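Structure first, commentary second.
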Amino acid sequence: MSTLEYSWNNPADAADAAAFAGRIIAQAPEYISHGEIQTGLSDDGKNWVPDLAERYAQDFADLRDRDLLVGRASDGRVVAFLIIAWEESPRRKFAVIEDMAVDPELRSQGIGAQLLALAEERIGARGIEWVFLESGLGNEHAHRFFERAGFHMTSHVFARQL
0 MSTLEYSWNN
10 PADAADAAAF
20 AGRIIAQAPE
30 YISHGEIQTG
40 LSDDGKNWVP
50 DLAERYAQDF
60 ADLRDRDLLV
70 GRASDGRVVA
80 FLIIAWEESP
90 RRKFAVIEDM
100 AVDPELRSQG
110 IGAQLLALAE
120 ERIGARGIEW
130 VFLESGLGNE
140 HAHRFFERAG
150 FHMTSHVFAR
160 QL
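The sequence shown begins at 0 in numbering that gives the first Met the number 0 and counts up by one.
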């Protein structure tokens, strides 16, 4: 795999990144965590909404307080993305990696590590000391990846549908 071309917040990337996210992430229900329920990408915490790509398209077209990193292969295909949300409480500014995906055929080649390194550089440039992410309970391959990258579990999230 040749080196990817990365870009931040390029409006020309939004539609392609949303189609990629919808296609790749829809194949992995183990990816679903509380954030996907909170943002309406999963209605029940077990299945993706049928119009997942369209919802990503809406989100990526209007980033607001988020930054979108897109990785393209030499042929122009989107093969990876990561999105950071910038959050602030009265006492702390922090970043949340809301979503991250790499084409399954290209995993274990260092692309995920590149995405995280670029994200951490961007986060650090803002003087932010904490970055959070979440991962679905069954997404064990991702859990091991994040732990190798220095992340550690800090809590369990409980939810109940009423």
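Ideal Cβ placement from N, Cα and C applies to all residues, glycine included.
These figures come from a predicted structure and were not determined experimentally.
The residues A13, A16, A17 and L67, in chain order, have a CB closer than 7 Å to that of F59 in the same chain once the five nearest residues on each side in sequence are set aside.
About 5 Å separates the beta carbons of E133 and G34, which is inside the 8 Å limit, making them a contact pair. Between D102 and V78 the beta-carbon gap is near 4 Å, inside 8 Å, which marks them as a contact. Around the CB of A94, 16 or more other CB atoms lie within 10 Å, so the residue is classed as buried. Sequence-distant Cβ neighbours of N138 in its own chain, meaning closer than 6 Å and more than five residues away, are E29 and Y30. One Cα belongs to N46, the other to Q26, and the distance between them is close to 10 Å.
Taking C-beta atoms as the reference points, A100 and I24 count as a pair closer than 9 Å. In this structure, the alpha-carbon of S107 lies about 15 Å from that of F80.
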